[in-house]
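Working notes, structure below.
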Amino acid sequence: MAPPLAAAIRRLPLSNSNLRRLLSSHHLRLSTSHPPSDQSDFEPDPDHPLLLPPATDDDGELASFVHRISSAASSASSPKESLSLLLSSSTTTGSSPAPASPTLLVRALWELRRDPDAAALAVRYGDESSAVGGADGAGAGPQPPPAEAWHLAVWAAGKARRFDLAWAVVRCMRCRGVLTRRAMVILMERYAAANEVNKAIKTFDVMEKFKVEVDQTAFYSLLRSLCKSKNIEDAEELLLLRKKFFPLTAEGFNIILDGWCNVITDVAEAKRVWREMSNYCITPDGISYTLMVSCFSKVGNLFDTLRVYDEMKKRGWTPGIGVYNSLVYVLTRENCMKDAHNILSKLIDEGIQPDVETYNSMVVPLCESSKLDEARMVMESMILKGIVPTISTYHAFLKQEGIDESLKLLQKMKEDGCGPKSDTFLMLIDKFFLLDESRNALRVWNEMRKYDINPARSHYMTVVKGLVKDGCIPRALEYYDEMKEKDYNLSTGRKHRELFVECKLYMNGVPFGLPAKTRLQDSGPPYCWNHLITLTTKYKDLISFSQLAFTVWDVSSGKDGDIVGGVTISLFNSKMQLKTGRRKLRLWPKKEGDGSVPTSTPGKIPKNERSEIERLEGLINKYERGKIQHIDWLDRLTCSALEKAMKKEGGRTVNLYPSLIVELYSFDHKVIFQESGANFYGPAPVSLLNELVTVWDPELGLTNPSEHKHLKLARNLTRGIIDRDLKPSEEERPLLQRIFKFPPTRPLLEVEKDLVWKFRFSLMSEKKYFTKFVRSVDWNDTKEAKQAVELIEEWETIDVADALELLSPEFETEEIRAFAVRILETADDDELQYYLLQLVQALRFERSDKSRLELSRIERASSQFVDREDGDDDEAQLCQSLSLQDKLVVELRSVMKNVRDVRGSSEKKIEKLRELLPGIFTGVTMPIRSPLAPDVIITGVVPRESSIFKSVLHPLRITFKTENEGTSKIIFKKGDDLRQDQLVIQMVSLMDRLLKLENMDLHLTPYRVLATGLDEGLIEFIPSSSLSQVLSEHRSITSYLQRFHPDEDGPFGITTQCLETFIKSCVGYSVITYIMGIRDRHLDNILLTDDGRLFHIDFAFILGRDPKPFPPPMKLCKEMVEAMGGAESQYYSRFKSYCCEAYNILRKSSSLILNLFKLMGRSNIPVLSPDQNGDVRGIDLLQQKFRLDLDDEAVHFFQGLINESVTALFPQMVEIIHRWAQYWR
């Protein structure tokens, strides 16, 4: 057992607050922190507002005082000299310096808040002058600096990260007996803002020592500051660790909840904290509910927003204006404008007046969705009611408007007295550069000067980067030189360098892989990057002599860069254990990180050169990594002695070398380097310490030879002729039947493989057992593989579905794959078209470029070309038409880009579209075959019938002229991966074919989809209306169908054929969407044609993925059921009967469907991508939907599924009705 920490540091105790917390990451992380912002104002805490004195008429006195302070601070070499100079220059004819009044001092400090040295000097001067004046005994004498003055000085130093100066001010306050809790809280807040979490906590801990009141309020101020700086996990950990001293309350959890809801907006974490409150028996209060409502609304989760709102009212909490603002925002975002206006009316009825944030909650989402006209109407309504727009209101419009309208808005902002501010121009400049409108960005730059706003460093950097991106290098250099002339690298009066760190991986002294770099950092010493470095090499590929070489570069000179220093660290220690945790490395000046063996830039400091502080830091690191025993009571007693030792050593130690602190990922267990091959190690050394011992086991992971021999004997490889007459017994026959029913995704166990192999000869007449037999063969055994190949040729001919299974990556044997190809060659072209997508994907699983599958596809395609050539004398015209299809897609892509660049309303975009469309046929002298439907010949375009969909991606709906004076409408979409939609439509087409083979036509609509790129594609446009539009215009589906197919004698006034078409199409898509787990179904992505065919679009969420909670088990809304006459009608009974029949038909082809999805497992479609174990969860869910474990019970199961959906749609289940209603809004 290692000695306790107190003994290890030789009577130098250690406090828990001094232990550095290790961060968890799978990558190398550099010690980091954020640089201060360019322009920052004092942000008073809501609990401790800073009351500035009113301005006086004597501005000349203020300017003179500020000038004297600034001059003294910049001219002297030390703060003490500056104060002496100032006191001597301020001496009047009397003998005491001219005092500064409290009002003048506070106003001066406000002006000097960006210069921490001058601010500290001002408050010290006010303190000294009042002390000298009071000692002279002149009446009441000058008044000492008020608390606000001290607070401003502390804040100014902390904001500039001059924490040494901030502590000097605090110590001065303590000596004068005026130290306040607010001053300590400000210091904590500034540490937290600089991501110095441990120092913020230490500041809180030292408050009691400084005789400052430490209570729950101060503790909550610490938590708020940590959450505000996004260190929410640290705040939550602190809340729970100190619950003995500060009892857990709803207010404390609300602080954490506010961090996850409003600072970062992480719904999963917010839900977790909500559950933690329940675990600790803390009842959520009104603020808790308000925060959760805000969180769900920000991510557009309408269902959960309303659910929490309802629960809040049930618990007796009265919603405030903030809750209603969140409701207005999410309703507007989800296009429920009528409900949003109802919320406004409800507010007025309850005596609550909507404020500017309420209207902003409507304006912002409307602008984000480019509904500028509606947003302007809301803004006009707000102004008519006497509510003045804020800068947030104008920013929402500025993010969407073009240059001319933006300039008008800037003038309007000035007239309304709400800007524009520096951030406004920064946002506009960045926006126009992102839109590749550098000319407009520079117009905004010039406009900024008209509003007397001086460009900050962030403005210059944005312009420089934007001009470089657009290729305007000379112009960018002009702005860069101007920025350098203004010396924007100065933050606190000292010149800071621009540094970045380069990291390289070396193996055996040779560079391996690409180097990684951090971003530039110019915040000044200490330089902190807060950057995660990820290398391309995996841990498993490392060798024993692997090293990381770090080099710090300085590029502030504008040249190639100067080397600041370098250092190298080995990834494995002497015990071949992977190094983890925080590491302080010696940086060798003017040397690049050397990765050779041995290295000339070692990061480890030799023991004889270590200072006492470095020795203590090494022990602390061991303590953190668990190498030193933890004894809480002893560790707590060690605080003061260690602080004294650190302070004492810090004053006498001179750092000859700078250091670089990096943090390597820490695993839950120790990681040992192990290399396959001979045993490199001798016997393990005996150790009496609690250290890791390296033991090499050469048999680890190998097969037991005895078991292997037993398995070979059990398979009777040498007695195959005798086994030909072997039949399964009564006990074994059911086991074989059960194995046959296994889906293709289910691997066989060793016992099951042995059983199939045992009766392989008797199973040869059963084609259904073929794939199970192939899976039971040990293809690594030469004799067994040879016998299996012979049996394959004698086996009963298998179906195409089983042949597709043999093309999956599980089967690598050439004979098996060739056999599968021979089976596929017997299928006709019409059938193979349904599998073409998967057959192309299967090519990536082939071992060679000249595989049997590839040759077969080429041979089949070549025969088709010969047939076409024989029957068509003008084959050159066909080839030219194919090339024109590519040109058409390129032209459509260009039109899409130009339309998106148009700023303003949708009408302007549509006008631009119709202007550009005729140009796509420029230079085309012959008709073009449609890429979606080659049998359709395109001769031109109809601009007046083309339009743009109201969507963020602005899909184009284009109408083409075709032969015989017809038209063809397609949708061109860019920004979405349509490969998934193409896969779903392929499956819909296949299932439609399978159903029709069983004489069941469900009137499906498998429209065409063609992905022409990773984020673009073409979609066939089917004239139809969404159910939301149908219900909006006709109030019911029945009324819609009556309009197009009226029949007074028919059911519900509709023709029987139309109603039958509607019912069957509902059946088809209800069953198909259930099987494929298609989610996110709502009334806008379910369409209805005039002849009653219902179909689904937009398949972004399949195989069980759903952005909304509590999805209905079947995609069946109450409006569909009502169109069938209700749950008690004969037509609804017919609907249920059709559903069960279709479900059973598709279950028969479950292997085919599963095999097709399985072949797409490596197609880079996210939902089909395998996890770390190689499993695809989506395919497992697809398999579960078939319920292959049921026989006749499958009908009852599906009947129950439908009944469950009906129960959720009709009365008696109020809560469920509410959920479904919100889901189908």
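So the sequence shown is numbered by the UniProt record's numbering: it starts at 1 and just counts up by one.
Cβ coordinates follow ideal geometry from the N, Cα and C atoms, glycine included.
Beta-bridge partners of residue i, as assigned by DSSP
{"i": "Val501", "result": "Val552"}
{"i": "Ser659", "result": "Arg586"}
{"i": "Gln841", "result": "Bridge partners of Gln841: none, in fact."}
{"i": "Leu1088", "result": "Ser1025, Leu1094"}
{"i": "Gly1013", "result": "Glu1016"}
{"i": "Tyr506", "result": "Pro511, Gln547"}
Distance CB(residue i)-CB(residue j) smaller than 9 Å
{"i": "residue 1302", "j": "Pro144", "result": "This structure cannot speak to residue 1302, because the chain is shown only from 1 to 1225."}
{"i": "Lys996", "j": "Ser1070", "result": "no"}
{"i": "residue 1232", "j": "Cys261", "result": "It is not possible to answer for residue 1232, since the shown part of the chain is limited to 1 through 1225."}
{"i": "Arg900", "j": "Glu1016", "result": "no"}
{"i": "Ala1123", "j": "Thr1055", "result": "no"}
{"i": "Arg190", "j": "Trp150", "result": "no"}
{"i": "Pro955", "j": "Lys974", "result": "yes"}
{"i": "Val328", "j": "Leu344", "result": "yes"}
{"i": "Phe1101", "j": "Arg1079", "result": "yes"}
{"i": "Met427", "j": "Met461", "result": "no"}
{"i": "Lys1148", "j": "Glu805", "result": "no"}
{"i": "Ile958", "j": "Ser946", "result": "yes"}
{"i": "Ser762", "j": "Leu726", "result": "yes"}
{"i": "Phe1186", "j": "Ile1075", "result": "yes"}
{"i": "Glu592", "j": "Ile563", "result": "yes"}
{"i": "Leu1087", "j": "Phe1095", "result": "yes"}
6 Å Cβ shell around residue i - same chain, five flanking residues per side excluded
{"i": "Gly1068", "result": "Leu1002, Leu1004"}
{"i": "Ala192", "result": "Ala200, Ser225, Leu226, Ser229"}
{"i": "Ser294", "result": "Cys261, Ser326"}
Same chain, Cβ closer than 8 Å to residue i, neighbours up to 5 away in sequence not counted
{"i": "Arg242", "result": "Phe219"}
{"i": "Ser881", "result": "Met926, Pro927, Ile928, Arg929"}
{"i": "Cys367", "result": "Ala375, Ala396, Phe397, Lys399, Gln400"}
{"i": "Leu152", "result": "Phe42, Leu50, Val106, Leu109, Trp110, Arg113, Ala119, Val123"}
{"i": "Ser438", "result": "Phe432, Gly466, Leu467, Asp470, Cys472"}
{"i": "Gly1125", "result": "Pro1051, Phe1052, Tyr1131, Tyr1132"}
{"i": "Ile798", "result": "Lys767, Phe770, Thr771, Ile823"}
Own chain, CB closer than 7 Å to residue i, minus 5 neighbours either side, in chain order
{"i": "Asp1090", "result": "Phe1044"}
{"i": "Leu1201", "result": "Pro1113, Met1114"}
Assigned secondary structure, residue i (DSSP; H/G/I helix, E/B strand, else coil)
{"i": "Thr797", "result": "coil"}
{"i": "Ile543", "result": "coil"}
{"i": "Val895", "result": "helix"}
{"i": "Tyr1138", "result": "helix"}
{"i": "Ser1036", "result": "coil"}
{"i": "Met576", "result": "coil"}
{"i": "Leu749", "result": "coil"}
{"i": "Gln521", "result": "strand"}
{"i": "Lys961", "result": "strand"}
{"i": "Arg929", "result": "strand"}
{"i": "Leu1002", "result": "coil"}
Euclidean distance between Cα positions of residue i and residue j
{"i": "Leu409", "j": "Tyr394", "result": "7 Å"}
{"i": "Pro474", "j": "Ile403", "result": "24 Å"}
{"i": "Leu514", "j": "Tyr506", "result": "10 Å"}
{"i": "Asn898", "j": "Lys912", "result": "8 Å"}
{"i": "Ala340", "j": "Trp274", "result": "27 Å"}
{"i": "Leu748", "j": "Tyr835", "result": "26 Å"}
{"i": "Trp553", "j": "Val197", "result": "28 Å"}
{"i": "Ile533", "j": "Arg583", "result": "15 Å"}
{"i": "Val895", "j": "Ile1097", "result": "24 Å"}
{"i": "Arg738", "j": "Lys969", "result": "50 Å"}
{"i": "Leu917", "j": "Met413", "result": "39 Å"}
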